[in-house]
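Notes follow once the structure below has been shown.
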Amino acid sequence: MYNTTKTPVWYGELRTARGNAIVIHDKQFPEAKAGRIYLYNAVRDTIIEYAEEIVSGNLHDLDKVKIKAAEDAYGAAWDSARSEFMEKHQGWVDANATKHKPLITKAKAKSKKRNEVDAASSDNEPGSESLDREFANGWSGGLEE
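One point on numbering: in our numbering, the residue at position 14 of the sequence shown is 14, and numbering is uninterrupted.
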């Protein structure tokens, strides 16, 4: 049974009636649909979405010697397939990045607010462009400048 808690990349064997295949699971893969899992299938040289309930009983850990042999035999193909797969799912990868950057920093927000206050105080006469803009923003829900 596969267990990805110990290592970020799990190497194993999928045993089926059609034959056995070396498979690789990477924790960095995007989440598949509920009840499904992505595995790199070395025989097919591609990453496939499997029904987890069906394959979980047929997944078996490889020992250290077989893992090393699998890395040597399929390492380049695995890297290529993984890169291509992650490119296709780049939106998911970006959305789940560990570091979140705010769109507007606090310094910029304070600076913008100060500029708006300065502009409003210099154009306080009725009919001025500044008051018209504030009036329009107040009633229309905010027009973009």
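Positions of the beta carbon are idealized from the N, C-alpha and C atoms, including for glycine.
It should be emphasised that the depicted structure is a prediction, and the values quoted were computed from it without experimental measurement.
Residue range of the unbroken beta strand (DSSP E) whose run includes residue i
i           : result
residue 19  : 19 to 26
residue 158 : The question about residue 158 has no answer here: the residues shown for the chain are numbered 1 through 145.
residue 55  : Per DSSP, residue 55 belongs to no beta strand (DSSP E); it is in the alpha helix (DSSP H), 52 to 55.
residue 61  : 59 to 61
Residue environment, residue i, which counts as buried when at least 16 other CB atoms sit within 10 Å
i          : result
residue 54 : exposed
residue 70 : buried
residue 12 : buried
DSSP three-state assignment for residue i, whether helix, strand or coil
i          : result
residue 9  : strand
residue 31 : coil
residue 3  : coil
residue 36 : strand
residue 15 : strand
residue 46 : strand
Proximity of residue i and residue j at Cβ, strictly below 8 Å
i          : j          : result
residue 51 : residue 22 : no
residue 82 : residue 45 : no
residue 39 : residue 24 : yes
residue 85 : residue 37 : no
residue 34 : residue 49 : no
residue 89 : residue 8  : no
residue 16 : residue 58 : yes
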